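Residue numbers (my numbering): 1 to 443. Single-structure report; data block below.
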Ligand code: ATP
Ligand code: MG
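Here's what the structure looks like:
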């Protein structure tokens, strides 16, 4: 395992241990006694009486489940929403898994559209842009390739409920909630892992990360966002499989990096990215900056303070603009790259070109980063000028505020500029992890 090299660098505040005690295999308290083998074969179902807070369950998602059940299908709440409710969090959205085929779902709901070519899913639409995703149970496609290449390229095979649980990534993500009986259905030991607050893959971690290396980033995201530990075997497999990240679909990588930074856990996420070595694979310019002992004792501190500022702003104001997140992420090495250079745009270009290539950063975002990098120094010097009328002025103010915060300097001047620039209506507050509010609903 690779640890950050600078002993003086303080870890992020309230950093969880990230590594938990080894898997206890059986858990008497929860009435679960599942051998590792059974668990992986998915032969044993344990049901837990775990009535979730009814008020926290999205009523439209509940409606969808109930209508499917009344029509004779199996239907459960699944995945992130069950996990978040069990951990006392607020789910971002509610997903449903069912035995009904997509066309059966469409026949039951007028407000339904089918999406996806590779795997067809039903989206049931409600007011305020709310979408309840309804997916038919499916299973892992099985060993199609006798060679060692485990990378999953297609996963569109219908299956049974237990197979649908086993194809998922982590045990805590594979729990099904039976609304009628108010029970959690667990085929892979997810409940004991919820109780010990641990991230564990379903099956061999090395295999699961090789199948889909993006799961490495997902493990980091859940550890950071939900303050969970990572099972030691899983952690070691993340480190061992990190080079596989280079094989993953690049747009997924970019999206997942944004997700690491959007939910109030940017500081912990980037710490873990660095520690696990995923940063060196996906963002070597940043890892090199943090690893460079000579130049960056202060630089690393400023970097993590920026991540901290992002988390505070996100929690206070809602999700930040993607361009703000990306500029703040690369700000330190970018600042280094433009130092003493006349053509700032050109230098930022040269810096970003390989990043665009490696993680598929969209041109629109790269362009925004480039423009903001020329605006921020002027804002910090109080020379705002014509920039105040451009569409990137508010995002640039956000970045300037984050930069000042990381230097431990006052941000009062930025607040004043923002008050001047802000249109009268307050910008919509997008909570980092709440389900979408219905338009016109009670606040
Ligand atoms: P979030 O709160 O960030 O949405 P989530 O767990 O709901 O977290 P999604 O990406 O919405 O994550 O995926 C929904 C569910 O699909 C997950 O809970 C998991 O069971 C399954 N899943 C998602 N991505 C993968 C993956 N790469 N491999 C296996 N299963 C996955
Ligand atoms: Mg989700």
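The beta carbon of each residue, even a glycine, is placed where N, CA and C say it ideally should be. Here the structure is a predicted model, which is why all the values come from computation and not from measurement.
### Message
Within 8 angstroms, do at least three Cβ pairs link the segment 365–380 to the segment 263–276?
### Response
no
### Query
Leaving out five residues before and five after residue 159 in sequence, what residues of the same chain have Cβ atoms less than 6 angstroms from its Cβ?
137, 138, 139
### Spatial distance of residue 204 from residue 238 (CA atoms)
About 12 angstroms.
### Message
Could you give the first and the last residue of the continuous beta strand (DSSP E) run that contains residue 183?
### Response
183–186
### Task
Use the C-beta contact count for residue 26: other C-beta atoms within 10 angstroms, 16 or more gives buried, fewer gives exposed.
Unreliable placement is indicated for residue 26, whose pLDDT of 41 sits below 50; the coordinate value is still reported in the next sentence. By the 10 Å Cβ count, residue 26 comes out exposed.
### Task
Starting from the C-beta of residue 176, find all residues in its chain whose C-beta is less than 6 angstroms away, skip the five residues before and the five after it, and write them out in chain order.
76, 78, 185
### Task
Indicate whether residue 226 and residue 270 have their beta-carbon atoms separated by less than 9 angstroms.
no
### Query
Mind checking residue 215: buried by the 16 CB within 10 Å criterion, or exposed?
It is buried - the Cβ of residue 215 has at least 16 other Cβ atoms within 10 Å.
### Query
Closer than 8 angstroms: is that where the CB of residue 92 sits relative to any heavy atom of the ligand MG?
Result yes, Cβ under 8 angstroms from the ligand MG.
### Query
How long is the line joining the alpha carbons of residue 135 and residue 405, rounded to whole angstroms?
Those two C-alpha atoms are separated by around 44 angstroms.
### Task
Determine the direct distance from the alpha carbon of residue 408 to that of residue 123, and round the result to whole angstroms.
Just so you know, the alpha carbons of residue 123 and residue 408 end up roughly 46 angstroms apart.
#### Entry: residue 374 - containing beta strand (DSSP E), residue span
Element bounds for residue 374: not the beta strand (DSSP E) but the alpha helix (DSSP H), 363–380.
### Task
Measure the C-alpha to C-alpha separation of residue 398 and residue 317 and round it to an integer number of angstroms.
Using only the alpha carbons, I get a separation of about 11 angstroms.
### Query
Exposed or buried, what is residue 49 when buried is set at 16 or more other beta-carbons lying within 10 Å of its beta-carbon?
exposed
### Query
Can you name, in chain order, every residue of its own chain whose Cβ lies under 7 angstroms from the Cβ of residue 61, other than the five neighbours on each side?
77, 94, 96, 132
### Query
Do residue 242 and residue 278 come within 9 angstroms of each other at the CB atom, strictly closer than that value?
yes
### Task
In angstroms with no decimal places, state the Cα-to-Cα distance between residue 280 and residue 355.
12 angstroms
### Message
I'd like to check one pair, residue 334 with residue 369: are the Cβ atoms closer than 9 angstroms?
### Response
yes
### Message
Suppose the cutoff is 6 angstroms on Cβ atoms and the five residues either side in sequence are ignored; what does the same chain contact list for residue 308 look like?
### Response
267
### Task
Over the uninterrupted alpha helix (DSSP H) stretch that includes residue 288, give me the two end residues.
284–291
#### Entry: Identified DSSP bridge partners for residue 386
Bridge partners of residue 386: none, in fact.
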